Amino acid sequence: MTYSAIRSAQVAFLAFSSLGGIFLGTSGLAAECDAVSESEHFLPVNADTVHWGYFSQDLEPELVINSGDVVTVETLTHHANDDASLMVTGDPGAESVYAWTSDAKGVDRRGAGSTDPEVYENGSGQGFGVHILTGPIYICGAEPGDVVEVEILDVALRPSGNPEYPDRTFGSNAAAWWGFHYNDLIEEPAGREVITIYELDATGATDYATALYNFTWTPQTDPFGVVHETIDYPGVPVDPDTVEENYDILEGVRVPVRPHFGVIGLAPAEADIVDSVPPSYFGGNIDNWRIGAGATMYYPVAVEGGLLSMGDPHAAQGDSELAGTAIETSLTGVIRVTVHKQADLAGTILEGLYYPLLETDTEYVVHGFSYANYLEELGDTAQQDIYSNSSVDLAMRDAFRKMRHFLMTTQGLSEDEAITLMSVAADFGITQVVDGNWGVHGIMLKEILAESPEATATAPVEVAENAEEMGDR
Numbered sequence: 235m236t237y238s239a240i241r242s243a244q245v246a247f248l249a250f251s252s253l254g255g256i257f258l259g260t261s262g263l264a265a266e267c268d269a270v271s272e273s274e275h276f277l278p279v280n281a282d283t284v285h286w287g288y289f290s291q292d293l294e295p296e297l298v299i300n301s302g303d304v305v306t307v308e309t310l311t312h313h314a315n316d317d318a319s320l321m322v323t324g325d326p327g328a329e330s331v332y333a334w335t336s337d338a339k340g341v342d343r344r345g346a347g348s349t350d351p352e353v354y355e356n357g358s359g360q361g362f363g364v365h366i367l368t369g370p371i372y373i374c375g376a377e378p379g380d381v382v383e384v385e386i387l388d389v390a391l392r393p394s395g396n397p398e399y400p401d402r403t404f405g406s407n408a409a410a411w412w413g414f415h416y417n418d419l420i421e422e423p424a425g426r427e428v429i430t431i432y433e434l435d436a437t438g439a440t441d442y443a444t445a446l447y448n449f450t451w452t453p454q455t456d457p458f459g460v461v462h463e464t465i466d467y468p469g470v471p472v473d474p475d476t477v478e479e480n481y482d483i484l485e486g487v488r489v490p491v492r493p494h495f496g497v498i499g500l501a502p503a504e505a506d507i508v509d510s511v512p513p514s515y516f517g518g519n520i521d522n523w524r525i526g527a528g529a530t531m532y533y534p535v536a537v538e539g540g541l542l543s544m545g546d547p548h549a550a551q552g553d554s555e556l557a558g559t560a561i562e563t564s565l566t567g568v569i570r571v572t573v574h575k576q577a578d579l580a581g582t583i584l585e586g587l588y589y590p591l592l593e594t595d596t597e598y599v600v601h602g603f604s605y606a607n608y609l610e611e612l613g614d615t616a617q618q619d620i621y622s623n624s625s626v627d628l629a630m631r632d633a634f635r636k637m638r639h640f641l642m643t644t645q646g647l648s649e650d651e652a653i654t655l656m657s658v659a660a661d662f663g664i665t666q667v668v669d670g671n672w673g674v675h676g677i678m679l680k681e682i683l684a685e686s687p688e689a690t691a692t693a694p695v696e697v698a699e700n701a702e703e704m705g706d707r
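Using this note's numbering, read the sequence shown as starting at 235 and increasing by one per residue.
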């Protein structure tokens, strides 16, 4: 579905506005659940509907939905100010989020760090978490121990709002200081950060991205007067007069477009506010390019209502996200959200689920991390220590354990059966090595398990007829 088609469909989704759009506090959520009468919703992206750089169980929901409802969710990349003329100008939602004058920001807090000017140096929230997340969405009936299913029905590129670039979408790739490559450069200058701007066809007429230009990051002064020597705070506007744009790059190269969401997740229970960068059992910044249209994700619920947020939209990414980012662009997604109650999980693929599980038409994908639950395992300083304690070895060990658990619990295999099957048939790969809590995924093809008596997907709760029709678009 194209972005324009999604916008046309949104006329039918304004049940969101009939409930006031923003829900004040959590004490009246039972009444809000009773008031939800529509099954299709629209959650726009703007300064009022996003939280930047963190998850929190204390956030007021931006939308309340029932199990089985369909939601169209707009998301913004946190790299749009790498070239604001292409990715912010003329887009009211993006302009409200990225607004920044000498007096105020559209979204002041950016990250899970301190908001005290006496403490922070680079900005409120300290950039401890960088992603612009739309939400959260409160899912009626979701309780700790349950599983929330997020079926991605459609994904569309968000076109540039600048009238000079009709039907075009742009994205940014940052080869940054947190990239795996950074301390292993062989050309000068060492220690450089490079931004590459990519261009895409917003109409979907072509399925590839091409590099438009790149530039080496130079110190940027934000509207508050803070100088950013490196990419140390999200949304800093790049002054084009301070960088040298190189246009003769990657000539003839076409990058396959694989639109997906780097971040979809629920609120964790271990802390009141959590950095959006490291992924964990609640999902979050998994950065798996397979989490796009046609995919279904399953997340264990840690807090009442789940509190689903999503963002970090990508046009393309390779396994490992080696340089630090994907092609960061803005997307609109259509999702169906379903609650699976804990009492109903036995005998399904969700039995005993304690990690984010991906299902496609052809495969199951488990997600391993250096620490399965770093917030619990690393203690009071987990949100700092995770960035210096991760490794691929640890993530591989976790992915192995989760695949073993999946095969033994949901497929009825013995440990020996699970291990031999993993060795001869599972594909393990590096998801990412740049998000603090490094990731390894394990893939098992469904056709291999077709004869297993327990390899049947859990039956979702009944959904409205028009929600089913939405899935056929």
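Think of the CB as a built atom: it goes at the ideal place given N, C-alpha and C, for glycine as much as any other residue. Computed from a predicted model, the values in this text were never measured in an experiment.
Outcome for residue i when other beta-carbon atoms lying within 10 angstroms are tallied against a minimum of 16
i: Arg570; result: buried
i: Glu681; result: exposed
i: Ser358; result: buried
i: Gly602; result: buried
i: Ala659; result: exposed
i: Gln618; result: exposed
i: His275; result: buried
i: Asp661; result: exposed
i: Asp292; result: exposed
Contact under 8 angstroms by Cβ, residue i with residue j
i: Asn671; j: Ser514; result: yes
i: Gly341; j: Trp286; result: Gly is not the amino acid found at residue 341; the sequence shown has Val there. Yes, the pair counts as a contact, with Cβ atoms nearer than the cut-off.
i: Pro370; j: Leu587; result: no
i: Leu434; j: Ala443; result: yes
i: Asn280; j: Gly345; result: no
i: Ala436; j: Arg492; result: no
i: Thr283; j: Arg392; result: no
i: Thr563; j: Gly324; result: no
i: Val568; j: Thr368; result: no
i: Arg638; j: Glu649; result: yes
i: Phe414; j: Val667; result: yes
i: Glu597; j: Ile677; result: yes
i: Pro471; j: Trp334; result: yes
i: Glu294; j: Leu277; result: no
i: Val304; j: Ser273; result: yes
Option nearest residue i by Cα separation, candidates the options
i: Pro474; options: Gly499, Asp482, Val460 and Tyr447; result: Tyr447
i: Arg488; options: Ala550, Arg524, Tyr533 and Gly469; result: Ala550
i: Thr582; options: Glu422, Leu641 and Thr455; result: Leu641
i: Pro590; options: Leu500, Ala577 and Thr615; result: Leu500
i: Ala560; options: Tyr533, Ala408 and Asp482; result: Ala408
i: Ala606; options: Pro502, Trp451, Glu585 and Arg524; result: Pro502
i: Asp595; options: Met531, Leu584 and Thr464; result: Met531
i: Asp669; options: Trp411, Asn396 and Ile420; result: Trp411
i: Thr311; options: Tyr332, Ala633, Glu266 and Glu296; result: Tyr332
i: Gly517; options: Glu611, Asp337 and Leu592; result: Leu592
i: Leu484; options: Ile431, Tyr533 and Arg524; result: Ile431
i: Arg524; options: Ala580, Glu385, Leu297 and Asp337; result: Glu385
i: Glu709; options: Asp661, Arg343, Val535 and Val600; result: With the chain represented from 235 up to 707, any question about residue 709 goes unanswered, as that position is not in the structure.
i: Leu647; options: Gly613, Met630, Leu612 and Leu683; result: Leu683
i: Cys374; options: Gly262, Phe362 and Leu579; result: Gly262
i: His313; options: Asn356, Ile498, Ile465 and Gly395; result: Ile465
Backbone CA spacing between residue i and residue j [nearest angstrom]
i: Ile653; j: Thr644; result: 15 angstroms
i: Asn300; j: Pro457; result: 42 angstroms
i: Tyr621; j: Ile520; result: 15 angstroms
i: Asn315; j: Glu427; result: 16 angstroms
i: Met544; j: Phe495; result: 7 angstroms
i: Leu387; j: Gly526; result: 9 angstroms
i: Gln454; j: Val461; result: 6 angstroms
i: Glu504; j: Gly539; result: 16 angstroms
i: Asp418; j: Gly558; result: 14 angstroms
i: Glu422; j: Val626; result: 28 angstroms
i: Leu556; j: Pro512; result: 15 angstroms
i: Val573; j: Val381; result: 6 angstroms
i: Ala318; j: Asn480; result: 17 angstroms
i: Ile366; j: Pro547; result: 9 angstroms
i: Gln576; j: Ser624; result: 31 angstroms
i: Leu609; j: Glu377; result: 20 angstroms
i: Glu266; j: Gly425; result: 52 angstroms
i: Trp451; j: Val322; result: 19 angstroms
Alpha helix (DSSP H) segment containing residue i, residue limits
i: Ser330; result: Pro326 to Tyr332
i: Glu649; result: Glu649 to Ala659
i: Arg402; result: No alpha helix (DSSP H) holds Arg402; the beta strand (DSSP E) holding it covers Arg402 to Ala409.
i: Leu263; result: Leu263 to Ala269
i: Glu611; result: Tyr608 to Glu611
i: Asp509; result: No alpha helix (DSSP H) contains Asp509, which is instead part of the beta strand (DSSP E) from Ile507 to Asp509.
i: Ile373; result: Where Ile373 is concerned, there is no enclosing alpha helix (DSSP H), although the beta strand (DSSP E) it sits in stretches over Ile366 to Ile373.
Terminal residues of the beta strand (DSSP E) in which residue i lies
i: Thr572; result: Leu565 to His574
i: Asn448; result: Tyr442 to Thr450
i: Tyr598; result: Glu597 to Phe603
i: Leu434; result: Val428 to Asp435
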